Amino acid sequence: RPVNIPRKEKDFQGMFEYKKDDEVKLVKNLILELKPRGVAVNLIPGLPAYILFMCLRHADYLNDDQKVRSLLTSTINGIKKILKKRGDDFETVSFWLSNTCRFLHCLKQYSGEEGFMKHNTTRQNEHCLTNFDLAEYRQVLSDLAIQIYQQLVKVMDSILQPMIVSGMLEHETIQGVSGVKPTGLRKRTSSIADEGTYTLDSILRQLSAFHSTMCQHGMDPELIKQVVKQMFYIIGAVTLNNLLLRKDMCSWSKGMNIRYNVSQLEEWLRDKNLMTSGAKETLEPLIQAAQLLQVKKKTDEDAEAICSMCNALSTAQIVKVLNLYTPVNEFEERVSVTFIRTIQIRLRDRKESPQLLMDSKQIFPVTFPFNPSSLSLETIQIPTSLNLGFLTRV
Amino acid sequence: RPPPQRPRVLLKAPTLAEMEEMNISEEEESP
Numbered sequence: 001r002p003v004n005i006p007r008k009e010k011d012f013q014g015m016f017e018y019k020k021d022d023e024v025k026l027v028k029n030l031i032l033e034l035k036p037r038g039v040a041v042n043l044i045p046g047l048p049a050y051i052l053f054m055c056l057r058h059a060d061y062l063n064d065d066q067k068v069r070s071l072l073t074s075t076i077n078g079i080k081k082i083l084k085k086r087g088d089d090f091e092t093v094s095f096w097l098s099n100t101c102r103f104l105h106c107l108k109q110y111s112g113e114e115g116f117m118k119h120n121t122t123r124q125n126e127h128c129l130t131n132f133d134l135a136e137y138r139q140v141l142s143d144l145a146i147q148i149y150q151q152l153v154k155v156m157d158s159i160l161q162p163m164i165v166s167g168m169l170e171h172e173t174i175q176g177v178s179g180v181k182p183t184g185l186r187k188r189t190s191s192i193a194d195e196g197t198y199t200l201d202s203i204l205r206q207l208s209a210f211h212s213t214m215c216q217h218g219m220d221p222e223l224i225k226q227v228v229k230q231m232f233y234i235i236g237a238v239t240l241n242n243l244l245l246r247k248d249m250c251s252w253s254k255g256m257n258i259r260y261n262v263s264q265l266e267e268w269l270r271d272k273n274l275m276t277s278g279a280k281e282t283l284e285p286l287i288q289a290a291q292l293l294q295v296k297k298k299t300d301e302d303a304e305a306i307c308s309m310c311n312a313l314s315t316a317q318i319v320k321v322l323n324l325y326t327p328v329n330e331f332e333e334r335v336s337v338t339f340i341r342t343i344q345i346r347l348r349d350r351k352e353s354p355q356l357l358m359d360s361k362q363i364f365p366v367t368f369p370f371n372p373s374s375l376s377l378e379t380i381q382i383p384t385s386l387n388l389g390f391l392t393r394v
Numbered sequence: 395r396p397p398p399q400r401p402r403v404l405l406k407a408p409t410l411a412e413m414e415e416m417n418i419s420e421e422e423e424s425p
């Protein structure tokens with residue numbers, strides 16, 4: 001009887017052999033038809049990237065530059081195609097951003113360049129590319145990763161946008177703080193959010209869903225931090241812009257509500273170990289606007305305190321909040337014109353843009369710090385669910 | 395001692411935009 005002797009792990013060289021004619025099938029099964037929520041949910045993070053790289057290694061090993069170019073071009077075009085088709089699906093975009101970054105890291109880690117080999121094991125060093133220098137293709141992949149990142153930000157923005165004003169400003173997270181409406185009428189008490197109303201909790205749950213998916217996809221932690229910082233910037237900017245345009249948002253109690261909501265967002269960052277992401281700092285203009293709603297606004301000393309405190313707000317923004325400020329009851333006065341004039345005089349030497357609103361569509365430049373993998377390529381096996389039986393593990 | 399590694403050949407790459415243009419023209423040509 002024939003005996004099937006399994007090859008030991010050490011016999012594998014960490015490559016997948018494939019025929020040139022199978023390249024189309026490879027891209028189809030691994031990129032175009034792979035569903036992140038389907039079979040991909042059980043894959044090791046970055047598996048598509050490792051498989052593609054191991055195929056590339058084989059083409060390099062054969063010293064076949066046409067095969068190398070063809071695979072790289074097909075891979076890049078395949079990723080672009082799926083992102084064009086399903087570019088409004090957060091999971092798809094997150095999945096391919098993670099895999100594109102992993103592919104880029106592989107190209108560096110196994111480039112043979114000393115700077116990228118510091119953390120390699122001896123075995124990993126044996127897997128470096130033999131014949132070709134792909135530095136120019138790394139640049140193309142980096143450009144692709146930037147495009148995918150920007151697409152990810154847009155998708156996340158579109159999901160969060162409907163929640164922000166409702167969750168950060170309109171819904172009162174701390175019930176009972178606002179005993180009366182700014183107009184002086186008493187509000188009816190309500191312990192449940194109206195149906196269809198987003199609350200702060202909606203925003204926190206959505207942020208958690210985003211974070212969980214990115215982690216499952218094996219997105220680089222440094223990249224996750226940049227994504228979170230961008231989301232917090234959007235939340236802060238949209239909230240502040242709304243506040244600057246609405247009189248009913250400029251009261252002491254609204255300031256209290258905003259400060260509480262911001263503290264909950266900070267708590268979320270702490271819980272996810274994201275305090276070093278820079279996300280909290282993006283909320284500073286909103287935090288200061290909320291403080292401005294709560295501080296005294298009468299004397300020269302008050303004016304000096306406001307000018308020192310509001311270093312993240314422009315003069316136009318400070319003046320707007322003061323003009324919109326609405327007392328909660330008939331005993332409190334509106335901010336006097338003299339007071340506002342005092343503020344303007346104190347701040348006249350500031351060199352700043354006269355723009356009132358923040359640019360909520362601004363996207364911070366992204367970087368992809370090198371993140372080598374500890375995985376050794378010869379250990380990688382392809383699950384049958386990926387329908388890649390035409391690849392031979394070498 | 396293993397033999398010294400011969401220098402790797404730099405593969406020139408098109409830009410991302412050029413790759414997309416090549417891909418569009420290939421798709422238009424194919425039936």
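The listed protein sequences correspond, in order, to chains R and U.
Under this note's numbering, the residues of the first sequence are numbered 1 to 394, in order.
Under this note's numbering, the residues of the second sequence are numbered 395 to 425, in order.
Ideal Cβ positions, reconstructed from N, Cα and C, are used throughout, including at glycine.
Keep in mind that this is a model prediction, so the values were computed, not measured.
- With fewer than 16 other CB atoms across the displayed protein chains lying within 10 angstroms of its CB, R:D349 is exposed.
- Counting only the Cα atoms, R:S251 lies some 32 Å from R:K154.
- When only Cα atoms are considered, U:E422 and R:Q355 end up about 47 Å apart.
- In this structure the stretch 94-104 of chain R touches the stretch 42-53 of chain R; the number of beta carbon pairs closer than 8 Å is three or more.
- For U:V403, the pairing in a beta bridge is given by DSSP as R:F132.
- In the pairwise beta carbon analysis, the stretch 153-171 of chain R is classified as not touching the stretch 399-419 of chain U: fewer than three pairs are separated by under 8 Å.
- Here the stretch 111-125 of chain R does not lie against the stretch 81-97 of chain R, with fewer than 3 beta-carbon pairs under 8 Å apart.
- Put simply, the CB of U:E422 is far from chain R, with every gap to its CB atoms at 8 Å or more.
- In the three-state scheme derived from DSSP, where H, G and I count as helix and E and B as strand, R:F103 is classed as helix.
- One finds N77 and K80 in chain R with Cβ atoms closer than 8 Å to the Cβ of U:E414, taken in chain order.
- Excluding sequence positions up to five before and after R:L97, its CB lies within less than 7 Å of the CB of A145, I148, Y149, L152 and M219, all in the same chain and listed in chain order.
- As computed with DSSP, R:E17 is found in a beta bridge with R:T392.
- Taking a cut-off of 8 Å for Cβ pairs, the stretch 251-267 of chain R and the stretch 134-142 of chain R do not touch, as fewer than three such pairs fall below it.
- Taking all protein chains shown into account, R:K20 has fewer than 16 neighbouring C-beta atoms within 10 Å of its C-beta and is therefore exposed.
- Under a criterion of Cβ atoms nearer than 9 Å, the residues of chain U adjacent to R:F132 are, in order, R402, V403, L404 and L405.
- Using a Cβ-Cβ distance cut-off of 8 Å, the stretch 196-206 of chain R and the stretch 222-230 of chain R are not in contact, since fewer than three pairs of beta carbons, one from each stretch, lie closer than that value.
- Cβ contact annotation for R:A59 (same chain, cutoff 7 Å, sequence separation greater than five): K67, V68 and L71, in chain order.
- Look at R:T73: its C-beta is under 8 Å from a C-beta on chain U.
- Separation of R:K280 and R:K80 (C-alpha to C-alpha, rounded to the nearest whole angstrom) is 33 Å.
- For R:D21, not one C-beta of chain U is nearer than 8 Å to its own C-beta.
- Interface with chain U (8 Å Cβ-Cβ cutoff): R:Y137 is included.
- In the three-state reduction of the DSSP assignment, R:C215 falls in the helix class.
- In chain order, V403 and L405 make up the part of chain U whose C-beta sits under 9 Å from the C-beta of R:D65.
- Three or more pairs of CB atoms, one per stretch, sit closer than 8 Å, so the stretch 284-304 of chain R contacts the stretch 313-322 of chain R.
- At a cut-off of 8 Å, the C-beta of R:L144 has a neighbouring C-beta in chain U.
- Unbroken alpha helix (DSSP H) stretches of 4 residues or longer found wholly inside the stretch 61-126 of chain R: 65-85, 90-109 and 122-126, given in chain order.
- Apart from the 5 residues on each side of it in sequence, R:E222 sits with its Cβ closer than 6 Å to the Cβ of P369 in its chain, given in chain order.
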